[in-house]
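Protein chains in written order, with my numbering: chain B, 1 to 425; chain H, 1 to 277. Idealized CB from N, CA, C, for every residue including glycine. Bear in mind the structure is a predicted one, so any value in this text is a computation, not a measurement. I have placed the structure first, in the form of structure tokens, so that the comments after it can refer back to it.
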């Protein structure tokens, strides 16, 4: 039970390269914080600095009100699940889970009680006498979690714990982790590069890029009010489309026709020659399937469809467009940074699964202009971000979390015999 | 693999095995020959006799052979134990820690290993005589350490490198001190490596002849290989070949037993299941 406060944390390696650069982040008691970003953004390094496996070059790491910069990992009372689980192969599952307790010289019957409790939660009961080598990937993962929860640690740290599981198991374990965290109400820091995990698990998500924090917000705020191009492009799958645009009064001229802006946005984008419009795939639709009532809220345009992908519940269409060279190279840069390789400038639009739009034909699309964002291509900054609306989304998420924690706390105090105080604020 | 390939491989393997084991078979055969039978011109003895074994274990040569056997065992086991312990710490440091001079230590170890023994044995002989180590157990254990340590450090650091770093970090996060992490996690995992190293080190010490013959003079410390060289026949005109062969067979037995014993321990893949897999 502890909050984790980071103040101006810097990690420089021997060659002076800052892997983590001036990160300040406050993680509240009981909060589920996700560190996310493309590979090499410093998220794992940051996690390892919290747990003490990596030295902190400068800045303060404060856990539960105590500065821990110079404490060894064993004195920080945190538990961690490693990417490759790091189970002890020479010990049985029981001894693996009991290991932290054995180190703290816990009496045998207490060890048995706690290990049994943990193995019940994780459904490992029938495997307790087996060695890790004889377990499946998912079971190993659960043993690693067992080892983490058996101790009354101040916080859980996860380092991409699901990246070695296959897709189906990953989904199951994801909900399992979420349930467990809600139940135990323990501060959790979770590193991932998978944005599904980031969106579904986190109370708040911290997006990192090249060792710097881009935005810390609830998943909803990240999605709806991204602070810059990077966050907008990173969060969401398929990713947000970026179209080049030139402003003309209240209108934006784009490859997909003209988009009308409300006054507030028009004022925000005034004074720029070239802009990038960010439109999420689902803000588009097949114009023929849009309600008459909704139609005037957006604009329609005709475009030739390159490829369509029908997935049963949804359908995506790929529409190539022309962009000026400067924009093109910038978009390529951005997609490279996001660990993907975008070869052509094309928009991915989500259309209704029943739509009869076909590949290679021209079709009419509708786009909802209410939710678009406009970015400055130079700085990447989101010009139309509504900070207040965003903050409101995060505030609501925090409130949700506290309510849930309170509920879980009331439920759990009987079950756990009050042994652990569950964070309620 | 086709059947034809299999047959060819089988034939090849057969010849190699015969080529390797023939001298040993010969020694065994000679050890069962009576002195008069040595030159009988055939591979097998004309009459099987335990005479040679009797001579070295209970007869005239037993004064020479039995103390040497005890010396060899004692000295080699102690040298192996010390060398494994030292090598374990050194290899751990080399595999895990970044410190200045790491490369230097490794290359020095290698240099020591390839340094010809014969060139230092004379100065060592003088030095040992002056400081009173000549013809004592420590007088052999110390040079044996110089033979076994380099190879032990090299093999063990290779084994330590195989153990995932995360194991140890996980132990530290779980509340272990560096020493506890080493003892409870790394050492059990490195056990196969330690056993392999121990066996190699033991063989090296066991097989040494030059130090054994040069740094000892009595049965106080003389090891078996040196003792074998001092065997004499019953008379000036009799070759001690039979006795030497019998002694060689006896000396080979512990080596074979050691390998068979620890074979099960030297199971690679103990780390299976430690990490994703």
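Check                                                                                                                                                                             : Outcome
Residue 130/B and residue 93/B look like a contact to me (Cβ under 8 Å); what is the Cβ gap, rounded to whole Å?                                                                  : 6 Å
At a CB-CB cut-off below 7 Å, which residues of chain B make contact with residue 175/H?                                                                                          : 74, 100, 103, 104
In the structure shown, what three-state DSSP assignment does residue 127/B receive?                                                                                              : helix
Residue 377/B to residue 250/B, Cα distance in whole Å?                                                                                                                           : 19 Å
How is the beta strand (DSSP E) around residue 6/B delimited, first residue to last?                                                                                              : 4 to 12
At the level of alpha carbons, what is the spacing between residue 142/B and residue 356/B?                                                                                       : 46 Å
Can you tell me whether residue 253/H is buried or exposed, with buried defined as 16 or more other CB within 10 angstroms of its CB?                                             : exposed
Straight-line CA distance for residue 105/B to residue 139/B?                                                                                                                     : 27 Å
Go ahead and pull the three-state DSSP assignment for residue 240/B.                                                                                                              : coil
Within the same chain, show all residues whose beta-carbon is closer than 6 Å to that of residue 193/H, passing over the 5 residues directly before and after it, in chain order. : 156, 159
Would you list, in chain order, the members of the region 49 to 62 of chain B that have their beta-carbon closer than 7 Å to a beta-carbon of chain H?                            : 51, 53
DSSP beta-bridge partners for residue 228/B?                                                                                                                                      : 381/B
Counting only beta-carbon separations shorter than 8 Å, does residue 194/H have a partner in chain B?                                                                             : no
Who are the Cβ neighbours of residue 323/B in its own chain at under 6 Å, not counting the five residues just before and after it?                                                : 244, 345
DSSP puts residue 300/B in a beta bridge; with which residues?                                                                                                                    : 366/B
May I ask which residues mark the beginning and end of the beta strand (DSSP E) holding residue 346/B?                                                                            : 346 to 351
Who are the near neighbours of residue 212/B in its chain, counting only those whose CB is closer than 6 Å to its CB and skipping five residues on each side?                     : 21
How about the region 359 to 377 of chain B and the region 276 to 285 of chain B: do they share at least three Cβ pairs that are nearer than 8 Å?                                  : yes
Could you tell me the distance, in whole angstroms, from the CA atom of residue 245/H to the CA atom of residue 120/H?                                                            : 30 Å
Roughly how many angstroms separate the alpha carbons of residue 326/B and residue 189/B, rounded to a whole number?                                                              : 39 Å
Taking C-alpha atoms, which residue in 23/B, 226/B, 331/B, 296/B lies nearest to residue 389/B?                                                                                   : 226/B
Is the separation between the beta-carbon of residue 87/H and that of residue 152/H shorter than 8 Å?                                                                             : yes
Give me the subset of the region 151 to 168 of chain H whose CB atoms are less than 8 Å from a CB atom of chain B, sorted by chain position.                                      : 164, 166, 167
Between the region 165 to 176 of chain H and the region 50 to 69 of chain B, do three or more beta carbon pairs fall short of 8 Å?                                                : yes
Check the C-beta distance from residue 76/H over to residue 205/H and give it rounded, since I have them as a contact under 8 Å.                                                  : 4 Å
In its own chain, which residues sit with a C-beta less than 7 Å from the C-beta of residue 217/B, not counting the 5 before and 5 after it?                                      : 204, 205, 390, 394
Would you mind telling me which residues of chain B sit closer than 7 Å to residue 185/H, beta carbon to beta carbon, in chain order?                                             : 88
So what does DSSP say about residue 309/B, is it helix, strand or coil?                                                                                                           : strand
Just checking: is the beta-carbon of residue 79/B within a distance shorter than 8 Å of some beta-carbon in chain H?                                                              : yes
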